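Enquirer: Just passing along the structure, written as structure tokens.
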Amino acid sequence: MEILTYPFMQRALVAALLTGLIAPTIGIYIVQKRLSLLGDGLGHVAIAGVGLALLTGTAPLPVAIVVAIGGAILIEYLRQHQRASGDVGLAILFYGGLAGGVFMSGLAGAGGLNQYLFGSITTISNGDLVMIVVLSVVALVVSLGLADRLFAVSTDEEYARTLGLPVGFYNYLIVVLAAVAISLSMRTVGLLLVSALMVVPVAASRNLANGFWHSLLLAMAIGILAAGGGIVGSYYWNAPPGALIVLLAIGVFVASLPIGTVLTRRRRRSRLLPVAEEIVPPPHQQVEQHPHVHGGPDCHHPTAQHADHVDYLHDGHRHAMHGDHYDEH
Amino acid sequence: MNAPVVSLRDVSVGLGGLPIVRGITADIRPGEFVALLGANGSGKTTLLRAVLGLVPHHRGSIELFGEPLDSFRDWRRVGYVPQHIDPAMLNSTVREVVGTGRLPLRRPFVPPGRRDREAIARALAEVDLADRARTRISHLSGGQRRRTMIARALATDPELLVMDEPLAGVDLATQETLAGLMRTLTQARGLTVLVVLHEPGPFADLVSRTLLLQDGRLVYDGAGFELALPHEHHLPPEHVSSQTDWVPSYPTSQDQPEED
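Here the protein sequences line up with chains A and B, keeping their order.
At position 198 of the first sequence the residue is numbered 198 (the UniProt record's numbering), and the sequence of numbers has no breaks.
At position 179 of the second sequence the residue is numbered 179 (the UniProt record's numbering), and the sequence of numbers has no breaks.
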């Protein structure tokens, strides 16, 4: 473990473990709301923030956070207020973010945009680390402290409204938290791949876990594992950490598929109890004798259309002709 | 005590510029079991959604427990049972979903307490799902999902239960199970119920009052179903017989497949 003696590795590991922890805590709501690509888009918007910072010579992390939060609020506003054209609006915002970021960093003459796109373990400063730790703790407290409410809003928005919850506010909160988590991950996973760290651990844990809380905790564990493993691996292989982190998370996801199938089968078997609502079709009941033919001129029984045939009503029951006899229905 | 739970005064609702509900006036009093009947497109679900504040009403006034809807904040007194399960909750357990019903009674950042756990356990027992608390929604049958939605509404300890077509898409045996459940519940909890129904089915005996909508207008307001029934236009054709009587539903369900 001599790699832990290097200060840059210590900073990188702390930053990576925190982002591995936070990304799934917010990602779980993004996945539930079926906005899995939102993280990608916010990453692109944050790239514009990095470009702006490089151009103006300021610290990239705070600028990226502010720009990403602004983008998140704009995206959520578009989603809530003009659903029809929201899709194209989002696409333009995302492309604009990436193009603007690349253009501005080019203007600045800085060639270092790559390290923000795929992460770089050697570039995390002490100032970055302080900011990452403080904002991670805040994001974690908010997302876990309000987990019940965010769960209600992201699983059944309409019902949450009838509970009197401020649904609009929580929807904004989810995307703002996502913007913060994404910006904090730019040094470790990188802005182009960070979305995977929000989505893949959640997808893997949903295959394995039973219920929301179970899968939230498991996703956090998978996130930490992938982030930590990716940082250590990138030291030995000299590869961008983001790529390794994401590949590790996808590895866990692939492994979760067969394991999840076995777990589900086992859970189902342990619950194979008689179900009250299971309907046994009535036996083929025949009437022994019948004085007249239904539908004939001497028939006065009321009728009811029943699927593909006509039922005749008498003596408090329905029956229908079936070949040479009558079936009770 | 006898103040109306829901008070509608000349309520009109439009969706996309089209008038859907036109000038409805009615009061629902404590303990009533009110069925909102009507054909598809008659405005019954839209009226229900307006009562819950999910769609804005353009004219008239809606009051809940004597408070205008705009300033009504006491949502724990209202339990809502929607018709459909949001697919986003399929991975959650029954207990987690039912637990969201406690949110109006809980503060943010405070974990659920003993009273919350008791209310959830009681609601689960009332709908006979106590042994499924840790089961995922995706593993439940259609009837069990419907009962989960009812338990979620009950966890709030509501005074008014608002249900949107609880009988739609479940087989007849399940419909009768739900009717039996509702009979016990309304008595045990003294609930006021507002329920949108496409056809009365096994709920017919429970209903103390029927509001019949036609083209967004209230065309009948009275006791039970018997008087409303001559308006046979709201009954699906397979249930209209040569008699004018209601054809009783039979507990054979082979003709009504379970949903999902």
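Idealized CB from N, CA, C, for every residue including glycine.
Given the structure is predicted, the values throughout are model-derived calculations rather than measurements.
1) Just to check my reading of the structure: L90(A) and A68(A) have Cβ atoms closer than 8 Å, yes? What is that Cβ distance to the nearest angstrom?
2) List the residues that DSSP assigns as beta-bridge partners of E63(B).
3) Identify whether V148(A) lies in helix, strand or coil by the three-state DSSP scheme.
4) Of all the CB atoms in chain B, is at least one closer than 8 Å to the CB of Y159(A)?
5) Go ahead and pull the three-state DSSP assignment for Y170(A).
6) Under a CB-based cut-off of 8 Å, is S215(A) close to chain B?
7) Do A152(A) and L144(A) come within 8 Å of each other at the CB atom, strictly closer than that value?
8) Go ahead and pull the three-state DSSP assignment for Q286(A).
9) Helix, strand or coil: which one does DSSP assign to P7(A)?
10) Could you name the residues of the region 102-125 of chain B whose beta carbon sits closer than 8 Å to any beta carbon of chain A, in the order they occur along the chain?
11) Taking Cβ-Cβ distances below 7 Å as the criterion, which residues of the region 73-97 of chain B are in contact with chain A?
12) Just the C-alpha distance for V207(B) and P158(B), rounded to the nearest angstrom, thanks.
13) Quick check: the region 11-20 of chain A against the region 48-65 of chain A, are there 3 or more CB pairs under 8 Å?
14) Consult DSSP for T210(B) and reduce its assignment to one of helix, strand or coil.
15) Just to confirm before moving on: does the CB-CB distance between L167(B) and I137(B) stay below 8 Å?
16) Which residues mark the beginning and the end of the beta strand (DSSP E) in which F33(B) is found?
17) Is it true that the CB of L105(B) sits closer than 8 Å to the CB of R76(B)?
18) Looking only at its own chain, which residues have a Cβ that is under 8 Å from the Cβ of T264(A), when we skip the five neighbours before and after it?
19) Give, in chain order, every residue of the region 130-143 of chain B whose Cβ lies closer than 7 Å to some Cβ of chain A.
20) Could you tell me which whole alpha helix (DSSP H) segments of length 4 or greater appear in the region 212-278 of chain A?
21) Okay, do the region 187-197 of chain A and the region 119-130 of chain A touch, 3+ Cβ pairs below 8 Å being the bar?
22) Could you tell me the alpha carbon to alpha carbon distance between D74(B) and I132(A), rounded to whole angstroms?
23) Given a cut-off of 8 Å, decide if I174(A) and Y29(A) are closer than it, judged by their beta-carbon atoms.
24) What is the DSSP secondary structure of V219(B), reduced to helix, strand or coil?
25) How big is the Cα-Cα spacing for L135(A) and I22(A)?
26) Buried or exposed: which applies to H81(A), given that a residue is buried once 16 or more other Cβ atoms fall within 10 Å of its Cβ?
27) Please report how far the alpha carbon of A249(A) lies from the alpha carbon of I231(A), in whole angstroms.
28) Pull out every residue of the region 45-62 of chain B whose Cβ sits closer than 8 Å to any Cβ of chain A, in chain order.
29) Taking only three categories from DSSP, how would you classify L103(B)?
30) Any idea what DSSP makes of L90(B), helix, strand or coil?
31) For L191(B), is the classification buried or exposed, using 16 other Cβ atoms within 10 angstroms of its Cβ as the cut-off for buried?
32) What is the DSSP secondary structure of T192(B), counted as helix, strand or coil?
33) Residues in the same chain with beta-carbon distance under 8 Å from L55(A), minus the five sequence neighbours each way, listed in chain order, please.
34) Thinking V196(B) and T25(B) are a contact (beta carbons under 8 Å), I'd like their distance in whole angstroms, please.
35) Let me know if G112(A) comes out buried or exposed under the rule of 16 or more other beta-carbons within 10 Å of its beta-carbon.
36) When the Cα atoms are used, what is the spatial distance from L218(B) to R209(B)?
Expert: Checking against the coordinates, here is how it stands:
1) L90(A) to A68(A), Cβ: 14 Å. No contact.
2) S7(B), P68(B)
3) For the sequence presented, residue 148(A) should be read as Asp rather than Val. It is helical.
4) yes
5) helix
6) yes
7) no
8) At Q286(A), the pLDDT of 48 sits below 50, so the modelled position is not reliable; the number obtained from the coordinates is stated separately. Q286(A): strand per DSSP, three-state reduction.
9) helix
10) L103, P104, R106, P108, F109, P112
11) R73, W75, V78, Y80, P82, D86, A88, M89, N91, S92, T93, E96
12) 19 Å
13) no
14) strand
15) no
16) 33-38
17) yes
18) none
19) R134, T135, R136, H139, S141, G143
20) 212-237, 241-270
21) yes
22) 40 Å
23) yes
24) strand
25) 10 Å
26) exposed
27) 13 Å
28) L52, G53, L54
29) helix
30) coil
31) buried
32) strand
33) M104, S105, L107, A108
34) V196(B) to T25(B), Cβ: 18 Å. No contact.
35) exposed
36) 13 Å
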